[in-house]
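2 protein chains.
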Amino acid sequence: MAREKTMGILIKGKPVADSITEELIEEVIKLKGKNILPKLGVVRVGKNESDLAYERGALKRMAKCGIEAQVFEFEENISQKDFITKLTQINGDKSVHGILVFRPLPKQIDENAVKHIISPEKDLDSFSPVNVAKVTEGDETGFPPCTPTAVMEMLKYYGVDLKGKRAVVVGRSMVVGKPAAMLLLKENATVTICHSRTNDLPGICREADILVAAVGRAEMVDASYIKTGAIVIDVGINVNKEGKLVGDANTASCIEKASMITPVPAGVGSVTTSVLAKHLVKACKLQSGI
Amino acid sequence: MAREKTMGILIKGKPVADSITEELIEEVIKLKGKNILPKLGVVRVGKNESDLAYERGALKRMAKCGIEAQVFEFEENISQKDFITKLTQINGDKSVHGILVFRPLPKQIDENAVKHIISPEKDLDSFSPVNVAKVTEGDETGFPPCTPTAVMEMLKYYGVDLKGKRAVVVGRSMVVGKPAAMLLLKENATVTICHSRTNDLPGICREADILVAAVGRAEMVDASYIKTGAIVIDVGINVNKEGKLVGDANTASCIEKASMITPVPAGVGSVTTSVLAKHLVKACKLQSGI
């Protein structure tokens, strides 16, 4: 008997981002009709290259949606005290509906000392403990971080039913793994969280109907991790030995068994700025009592 | 070949509670030597029977440890406004180091409106979103709810190594399931969270090296849910059809396959007041800068 070879399809981020953007364009027009001008504040300390790249993408996305954006740039060596003063000012500005702070912050700034400063209703990326708690509770008034929300948008757009399905999340970070687990749980998936200390990781991953790879190791996940027909959401962004941008999954290998897999680049990463814009509009509506 | 029959052992809560209490007695003596008098505030609205039973147990435990305790009792029909005023006063009292609020509160009081009132460092049972966030983050300065902490104390006392083991938590409540999952994850278990929508629950439970049952259905978990040699922690407290107090697991059935199982009563439930006392001492030390 010949070995069955399932060939999955690549599910890209662009159509998801476009669909979210289209909805937001409509919503922003309505808000402007009520004299509400949605505005994003981007807080960046220093000139980290990946921050700058993300910022360019975010500004483009906001412009597309009709959302104003202002970048607050600070010197790499700004003191914690000065940073707190500035962030408090930005948070107090009523024209700014939502704030994105690039993290990690430089060493002299203790994130625990600043994470309470942004009002939860302006905190678009789950910096505030109030939003961390809300996401854990499944309270939809909260703001989960943008990346796991992008994972959920991908699954929704491509019609993946999660109820009762087994989801395995590889990675337990506060920016992806844990909130992704909570969001999947909220959609009634049965969720397993794996990490660096997990025994037989490939075996556990093969239990997954939906596998979310957020481990930060270039192309670690291959076909041996995949149950035939599974859906693979690759959150990793790594540079491999050849200097090429790759995910946590080896796409070519996984696609032999997966029914769908997100590519890297052009996968989940392409959706995050749309999620940021969506969170901004949500924040703007919350603050305007709409 | 005869069917192998593993007979597990019952692991009771009392030795765990006694061991914690002994440690606390020493610590409280030291605190009193520094003129610090640890004190618990118990906030109870109405006279719910199970609240009263827990309160009696808690007061006894505090007395054993040398911890002072004061009960603040309010009428079942207290208004939200009055409750907020009272809780704010209690929280502001410097002689009270930790507060336990019996939940659920009556309908006229919105928990979302009061959960921010208790200072995180006095919040012994994870009412405050700050503690929910800390538990999710794995930040040990936080206070997880007492019941999942009691689960961890049981596992620690009976020498269960969690690293790399598969833990399955049945139930996703904010008082047990989710915080238990986060605490197990912190100890490097690979954690699966199941719930009412999980498909093939017995099959998934059979993957568990450690099974935590927190589902609230009398004796639902039987031997068919248990992998040979697994450890079963039964968090349920239910009254069965015969009016008998039982757990979520059918102990007699499970013990045929499990290596260890906690009984109900006399299991996890017996440890929670010791955890409350331990949290109170931790809170007292935090507030005294020790």
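Those protein sequence lines, which keep their order, are chains F and Z.
Each number in the numbering used here comes from the position in the first sequence (counting from 1) with 7 added on.
Each number in the numbering used here comes from the position in the second sequence (counting from 1) with 7 added on.
The beta carbon of each residue, even a glycine, is placed where N, CA and C say it ideally should be.
Predicted model only: the values in this text are computed from it and were never measured.
Got a sec, what are the start and stop residues for the beta strand (DSSP E) residue i sits in?
| i | result |
| --- | --- |
| S49 of chain F | Just to set this straight, residue 49 of chain F is Val in the shown sequence, not Ser. It spans 46 to 52 - the beta strand (DSSP E) in which V49 of chain F sits, taken as one unbroken run. |
| I244 of chain F | Where I244 of chain F is concerned, there is no enclosing beta strand (DSSP E), given that its DSSP letter is neither H nor E. |
Considering only their Cβ atoms, is the gap separating residue j from residue i smaller than 8 Å?
| i | j | result |
| --- | --- | --- |
| I97 of chain Z | I106 of chain Z | yes |
| K21 of chain F | S277 of chain F | yes |
| V142 of chain Z | P151 of chain Z | yes |
| M181 of chain Z | E144 of chain F | yes |
| L218 of chain F | I200 of chain F | no |
| V228 of chain F | A256 of chain F | yes |
| C291 of chain F | P127 of chain F | no |
| D216 of chain Z | A187 of chain Z | no |
| A120 of chain Z | G178 of chain Z | no |
| L47 of chain F | I18 of chain F | no |
| P155 of chain F | V198 of chain F | no |
| E226 of chain Z | N247 of chain Z | yes |
| G254 of chain F | G243 of chain F | yes |
| V35 of chain F | V288 of chain F | yes |
| P111 of chain F | G53 of chain F | no |
| T269 of chain Z | M189 of chain Z | no |
| V239 of chain Z | A259 of chain Z | no |
| T280 of chain Z | A76 of chain Z | no |
| A230 of chain Z | M69 of chain Z | no |
| C153 of chain F | D130 of chain F | no |
| I43 of chain F | S203 of chain F | no |
| G171 of chain Z | N206 of chain F | yes |
| F134 of chain Z | V108 of chain Z | yes |
| V139 of chain F | A140 of chain Z | yes |
| L191 of chain F | L169 of chain F | yes |
| M267 of chain Z | Y165 of chain Z | yes |
| T95 of chain Z | I124 of chain Z | yes |
| L252 of chain F | V271 of chain F | yes |
Along the chain, where does the alpha helix (DSSP H) containing residue i start, and where does it finish?
| i | result |
| --- | --- |
| R173 of chain F | Here R173 of chain F belongs to no alpha helix (DSSP H); instead the beta strand (DSSP E) covers 173 to 177. |
| V282 of chain Z | 279 to 294 |
| K37 of chain Z | 21 to 40 |
| M69 of chain Z | 56 to 72 |
| A259 of chain F | 258 to 261 |
Going along chain B in order, which residues have a C-beta closer than 8 Å to the C-beta of residue i?
| i | result |
| --- | --- |
| K170 of chain Z | Note that chain B does not occur in the displayed structure, where the protein chains are F and Z. |
_Please give the ranges of any beta strand (DSSP E) in the region 82 to 158 of chain F, keeping only runs that are unbroken, at least 3 residues long and fully inside the region._
105 to 108
_Inside the region 188 to 233 of chain F only - alpha helix (DSSP H) runs reaching at least 4 residues_ = 208 to 212
*Contact residues within the region 130 to 158 of chain Z, judged by C-beta distance below 9 Å to chain F*: S135, P136, V137, N138, V139, A140, K141, V142, T143, E144, G145, D146
*asked:* By the 7 Å beta-carbon criterion, what residues does the region 86 to 112 of chain Z contribute toward chain F?
replied: none
*Using Cβ-Cβ distances below 7 Å, what residues of the region 172 to 199 of chain Z are close to chain F?*
R179, M181, K185, L192, N195, T197, V198, T199
_By the 7 Å beta-carbon criterion, what residues does the region 205 to 220 of chain F contribute toward chain Z?_
Taking 7 Å as the Cβ-Cβ cut-off against chain Z, the residues of the region 205 to 220 of chain F that qualify are T205, N206, I211.
*asked:* Beta carbons nearer than 7 Å to chain F: which residues of the region 43 to 72 of chain Z have them?
replied: none
*Is the number of C-beta pairs between the region 21 to 33 of chain Z and the region 53 to 61 of chain F that are closer than 8 Å three or more?*
no
*Looking at chain Z, which residues of the region 281 to 295 of chain F have a Cβ within less than 8 Å of any of its Cβ atoms?*
Nothing from the region 281 to 295 of chain F brings a Cβ to less than 8 Å from some Cβ of chain Z.
*Between the region 235 to 262 of chain F and chain Z, which residues of the former have CB atoms less than 7 Å from a CB of the latter, in chain order?*
none
_Residues of the region 262 to 281 of chain F whose Cβ lies closer than 8 Å to any Cβ of chain Z, in chain order_ = The residues in question: there are none.
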